[in-house]
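In order, the protein sequence lines correspond to chains A and B. Residue numbering for the first sequence follows the numbering used here, beginning at 8 and increasing consecutively. Residue numbering for the second sequence follows the numbering used here, beginning at 285 and increasing consecutively. Inspection log for the structure reproduced underneath, given as structure tokens.
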Amino acid sequence: MIGRGRVVVGMSGGVDSSLSAALLVEQGYDVVGVAMRLWEGETESGCCSLDDFLDARLVAERLGIPFYVMDFRDEFRAAVVDNFVDEYRRGRTPNPCVRCNHSVKFAAFWNRARELDAQWIATGHYARRVDGPDGAELLRGVDPEKDQSYFLFSMGRAALARTLFPVGHMTKSAVRSAAAQRSLPVASKPDSQEICFAPRGTHAAFVEAHSARRPPSGAVIDETGREIGSHEGVHRFTIGQRRGLGIAAERPLYVTAIDAERATVQVGADADVRSRGLVARNCSWLAEPPRLGAHLAVKIRSRFAPQPARITEVSHASFEIESAALRAVAPGQAAVLYDGDRVLGGGWIERSLPVAQPCAAEVG
Amino acid sequence: MIYLDHNATAPLAEASREAMLDALDLFGNPSSAYAGGRAARAALESARRTIADCAAVEPREIFFTSGGTESNNAAIFGSVDPVGGYGVAVAPIEHSSVVEAARELERRGAAMVWLATDRHGRIDPSAVATSIGARTALVSVGWANNEIGTVQDVDAIAAICRERKVPLHCDAVQGFGRISCRLPDADLTSITAHKIGGPKGIGALVRRGKTRLRPLLFGGAQERGVRPGTENVAAACGFAAAVALAESRGRWAEDLRERLWRGIAEIRGATRYSPAEGCLPNTLLAGFAGLRGESVVAALDLERVAVSVGSACSAGSGEPSHVLRALGHDDESSRGGVRFSTGYTTTAAEIDRAVAIVHKVVDRMRSVDRLGQAEARR
Chain A
8 MIGRGRVVVG
18 MSGGVDSSLS
28 AALLVEQGYD
38 VVGVAMRLWE
48 GETESGCCSL
58 DDFLDARLVA
68 ERLGIPFYVM
78 DFRDEFRAAV
88 VDNFVDEYRR
98 GRTPNPCVRC
108 NHSVKFAAFW
118 NRARELDAQW
128 IATGHYARRV
138 DGPDGAELLR
148 GVDPEKDQSY
158 FLFSMGRAAL
168 ARTLFPVGHM
178 TKSAVRSAAA
188 QRSLPVASKP
198 DSQEICFAPR
208 GTHAAFVEAH
218 SARRPPSGAV
228 IDETGREIGS
238 HEGVHRFTIG
248 QRRGLGIAAE
258 RPLYVTAIDA
268 ERATVQVGAD
278 ADVRSRGLVA
288 RNCSWLAEPP
298 RLGAHLAVKI
308 RSRFAPQPAR
318 ITEVSHASFE
328 IESAALRAVA
338 PGQAAVLYDG
348 DRVLGGGWIE
358 RSLPVAQPCA
368 AEVG
Chain B
285 MIYLDHNATA
295 PLAEASREAM
305 LDALDLFGNP
315 SSAYAGGRAA
325 RAALESARRT
335 IADCAAVEPR
345 EIFFTSGGTE
355 SNNAAIFGSV
365 DPVGGYGVAV
375 APIEHSSVVE
385 AARELERRGA
395 AMVWLATDRH
405 GRIDPSAVAT
415 SIGARTALVS
425 VGWANNEIGT
435 VQDVDAIAAI
445 CRERKVPLHC
455 DAVQGFGRIS
465 CRLPDADLTS
475 ITAHKIGGPK
485 GIGALVRRGK
495 TRLRPLLFGG
505 AQERGVRPGT
515 ENVAAACGFA
525 AAVALAESRG
535 RWAEDLRERL
545 WRGIAEIRGA
555 TRYSPAEGCL
565 PNTLLAGFAG
575 LRGESVVAAL
585 DLERVAVSVG
595 SACSAGSGEP
605 SHVLRALGHD
615 DESSRGGVRF
625 STGYTTTAAE
635 IDRAVAIVHK
645 VVDRMRSVDR
655 LGQAEARR
């Protein structure tokens, strides 16, 4: 074993994971690169394309580290893609990146890395792992534009203890210049897209293509339940959505509720998209669950700054929070709790708490 | 490093290196009329004669190509006219350069016939007789399978094809120089240099008699118009030296392969996919229950043992082996195959060290503390 032990780096061929591998080599780890084959794109240049793997291989060659392509397509399909399709069909808004981290990168990939006798795994995520008094802690990445800690809340404490995020303390521009300094061939490669297997704007077509039956069309209704239009399937909508409703109205309309069983999409005014809190289930914790009444911050989707929130119910499995600043709480997305920069954990949004209802009695 | 991947390629034999170094200075174009050209031509033809003698064919029956893949494609596309609806009969276990060429013909309109095999990949010659249809323009059979090692009775299949007046192509890339340098009795035969210690980038298509073969390339009279392009004289000389060496060594012994299997068989859940009889003398395709071939290959590489999951032409794709799948194994087993293939330079001491390392690696891989196994969360 060399120096600090063996680390298997997930190498996508992008600049973040490439620099991660380079930094680990410099820090004295015994570095092994692995490219995860997750999905078969329809095009040469989509995710997991041959070009990406070639880039990763080139970087590994430059660094003089072993490099392997490994197949995770079955795991990815089962844990990520099938869930993505199911959730949209159920009128919810899935988060495939969280699920991929949970089931593929910090479970299946970890297991394969262990098979290679690795003590550590590493990824190019913008998040920081630090040692605290009670073990490893997950902190936001220092680049607020790139922070990916939200996607990592369910990685689990066991995986976190053995994971390195070499670029989490850097900004994206610092990563690019560090990569250029080291003449890594991917230093100026464009950033990857958000959802690797279904490019932005194509998710509805993706859901249809991967469904045995096309989701049924149905009615668009207003606050009073009156039908004001029709739609081509609930999978095309997310809470808070304004565009693509296909309804001419004098006021701006937003999706406020989706009922997959009745195939209805309800729309309303901006005020109707606000909520005073949410309930999250299937929680994962990277710290002890917070105490009742604790004042924390909550993040309810990836492009959303954490907002002040108060814990009104909590158990290992679920929590309820209240927050004055929540808008477009979408079931299926993750609600992640932060204490300052630290990720405590989170859960999957089950429902929002409507503003109109009276608040529950104050506790604690 | 312990190199046990000779079915992917073999180390360059010293005799082959020397022959190439000598020939590299013969810079003349073999088609040129002056002395330098004639010298190059003489070396090329001498190489052709050496290979022909060892293979027991006529020198004019040997057409140099860039290697096995080109020879297979040249044989298949050169024999079958898909526009006329003619087709090819192949087994699904053949090398991808045969199977994919056949599939491409099918896309262009050809009629495909898949030849059946038994569980070890053996083609029953009498089944070939019943598979040949009126529009079958070519039967293509591998001499020895690159992945599982199974050796076919090509001569028996050849007799049937001759009776039915259908030309037979044999992909002899893995068998040539290992089973024998003498080629089986096929009308068209693909051979290559680098599996037996010659250089990469050269092989040959052997055409017996007047077998019909349309060229794929046009633009010169080299290789009698069948394969135009300035000849790679040095590589041909290296090829010939490797063939002469293989001929002098005779049939490979199976003892190292059996020594390897005896060691590996002691591992719990080890499976031998390769047949014990009727197999390439150097090839062992094995599996280890619960482990993926690609992970075993990576873990062994980190211990400096070089093996592969099967054909190098599909390595790294993560696809289950098309060979194991065609032989009726499920996807999990078909992802589990690990191919060990010995060579001239392999020693018994290397085999013993490799066995010890395989034991260590498989034990370790099975004892890993796994994450996420119990979680089947939505």
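C-beta: ideal position from N, C-alpha, C; glycine also.
- Taking a beta-carbon distance threshold of 7 Å, B/ARG654 counts as an interface residue toward chain A.
- For A/SER24, DSSP assigns no beta-bridge partner whatsoever.
- B/VAL367 counts as exposed, since fewer than 16 other C-beta atoms from the protein chains shown sit within 10 angstroms of its C-beta.
- In this structure, DSSP gives B/ALA554 an extended state, which the three-state scheme calls strand.
- Shown in chain order are the members of the stretch 571–588 of chain B whose Cβ falls below 7 Å from a Cβ of chain A: GLU578, SER579, ALA582, ALA583, ASP585 and LEU586.
- If you check each beta-carbon in the stretch 290–317 of chain A against every beta-carbon of chain B, none falls closer than 8 Å.
- Residues of the stretch 640–652 of chain B with a Cβ closer than 7 Å to any Cβ of chain A, in chain order: ARG648, MET649 and VAL652.
- Around the beta carbon of B/TYR318, a 10 Å sphere encloses fewer than 16 other beta carbons of the protein chains shown; the residue is thus reported as exposed.
- The beta carbon of A/SER110 sits closer than 6 Å to those of ALA86, all from its chain and outside the five residues before and after it, given in chain order.
- In this structure, the beta-carbon distance from A/ALA226 to A/GLU234 falls below 7 Å.
- With distances taken between CA atoms, B/VAL457 lies nearest to B/SER355 out of B/ALA307, B/SER355, B/ALA518 and B/GLU578.
- Close to chain B, meaning a Cβ-Cβ distance shorter than 8 Å, are the following residues of the stretch 162–180 of chain A: GLY163, ALA165 and ALA166.
- One alpha carbon belongs to B/THR495, the other to A/VAL76, and they sit about 43 Å apart.
- In this structure, A/LEU167 is the residue among A/LEU167, A/GLN126 and A/ASN90 with its C-alpha nearest to the C-alpha of A/PHE113.
- Annotation: Cβ neighbours of A/VAL39 in chain B (cutoff 9 Å, chain order): ALA582 and LEU586.
- With contacts defined by Cβ atoms closer than 7 Å, B/GLY461 and B/ILE480 form a contacting pair.
- In the DSSP assignment, B/THR349 is bridged to B/GLY487.
- Within the stretch 427–490 of chain B, the complete alpha helix (DSSP H) runs of at least 4 residues fall at 438–448.
- For a Cβ distance threshold of 9 Å, nothing in chain B lies close to A/MET18: the least Cβ distance comes to about 13 Å.
- With respect to the C-alpha of B/ALA400, the residue from B/ARG392, B/ALA411 and B/ALA394 having the closest C-alpha is B/ALA411.
- The stretch 56–66 of chain A and the stretch 11–21 of chain A touch, with no fewer than 3 CB-CB distances between them shorter than 8 Å.
- If only uninterrupted alpha helix (DSSP H) runs of at least 4 residues are considered, those enclosed by the stretch 528–585 of chain B are 539–549.
- For A/PRO315, the enclosing beta strand (DSSP E) begins and ends at 314–321.
- Under the three-state reduction of DSSP, B/PHE624 is assigned to strand.
- When only Cα atoms are considered, A/GLY353 and A/ASN108 end up about 14 Å apart.
- For A/TRP117, the uninterrupted alpha helix (DSSP H) run begins and ends at 116–122, by DSSP.
- Counting along the chain, the unbroken alpha helix (DSSP H) around A/GLN188 starts and ends at 179–188.
- Taking 7 Å as the threshold, the shortest C-beta distance from A/TRP117 to chain B falls below it.
- For chain B, none of the residues of the stretch 229–243 of chain A brings a beta carbon within less than 8 Å of one of its beta carbons.
- For A/ALA332, the closest alpha carbon among the candidates A/SER282, A/GLU357, A/LEU303 and A/ARG121 is that of A/SER282.
- For B/LYS644, no pairing in a beta bridge is given by DSSP.
- The Cβ-Cβ distance between A/GLN314 and A/SER330 falls below 7 Å.
- Look at B/THR420 here: in three-state DSSP terms it is strand.
- Residue-level contact check: A/GLU268 does not touch chain B, since none of the beta carbons of chain B fall below 7 Å from its beta carbon.
- Under the 7 Å criterion on CB atoms, A/ARG64 is classed as non-interfacial with respect to chain B.
- Here DSSP, grouped into helix, strand and coil, assigns A/ASP229 to coil.
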